[in-house]
Amino acid sequence: MKRALIANLNLAIDKTLSVDKIKRGTIFRFPEALTYPGGKGVNVARVLSSIGSRGDIIGFVSGHNGKWIEA
1 MKRALIANLN LAIDKTLSVD KIKRGTIFRF PEALTYPGGK GVNVARVLSS
51 IGSRGDIIGF VSGHNGKWIE A
C-alpha cells in the first residue's frame, strides 16, 4: 500500500445538515448533523483511502476543536 504524508495546517470541523424539502418562508429544523474532521488535507486523505492508498496527516490543533479532532 502506498502512503503519503499530508501537511494540513488548517484542520477544521465540518458539519453537514440536510433537510427533506425546501419551502420558502419556513423555518428549517435539522434533526441531526454529521460532524467530521475537515480541511483540504483531510479531503486528500479521504480520496487516497478511497483508491486504496493511505494518507497520514500532520498539522496543528488546539482548544476545543483540537481536542475533538484528536479524539
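Numbering (the working numbering), first residue to last: 1 to 71. Ideal Cβ placement from N, Cα and C applies to all residues, glycine included.
Worksheet item: When the Cα of LEU9 is compared with those of LYS67, GLY59, GLY63, which residue comes out closest?
Response: Walking along the sequence shown from the start, residue 9 turns up at place 9. Nearest C-alpha to LEU9: GLY59.
Worksheet item: Which partner residues of ILE58 appear in the DSSP bridge assignment?
Response: Taking the sequence shown and counting its residues from 1, one reaches residue 58 at position 58. Partner(s): ALA7.
Practice prompt. Spell out whether any CB of chain B is found under 8 angstroms from the CB atom of ASP14.
Written response: The structure shown contains no chain B; it holds only a single protein chain.
Discussion item. Tell me the rounded alpha-carbon separation between ARG29 and TRP68.
Written reply: The residue you call residue 29 lines up with position 29 of the sequence shown. The residue you call residue 68 lines up with position 68 of the sequence shown. Answer to the nearest angstrom: the Cα atoms are 25 angstroms apart.
Discussion item. Alpha carbons only, please: which of SER18, VAL44, VAL42 is nearest the one belonging to GLU32?
Written reply: Here residue 32 refers to the residue found at position 32 of the sequence shown. The candidate whose alpha carbon is nearest that of GLU32 is SER18.
Item to complete: List the whole-angstrom C-beta distance separating ILE6 from VAL44, where the pair is believed to meet the contact cut-off of C-beta under 8 angstroms.
Response: Here residue 6 corresponds to residue number 6 of the sequence shown, with the count starting at 1. Here residue 44 corresponds to residue number 44 of the sequence shown, with the count starting at 1. Between VAL44 and ILE6 the Cβ distance is about 6 angstroms, and since that is below 8 angstroms, they are a contact.
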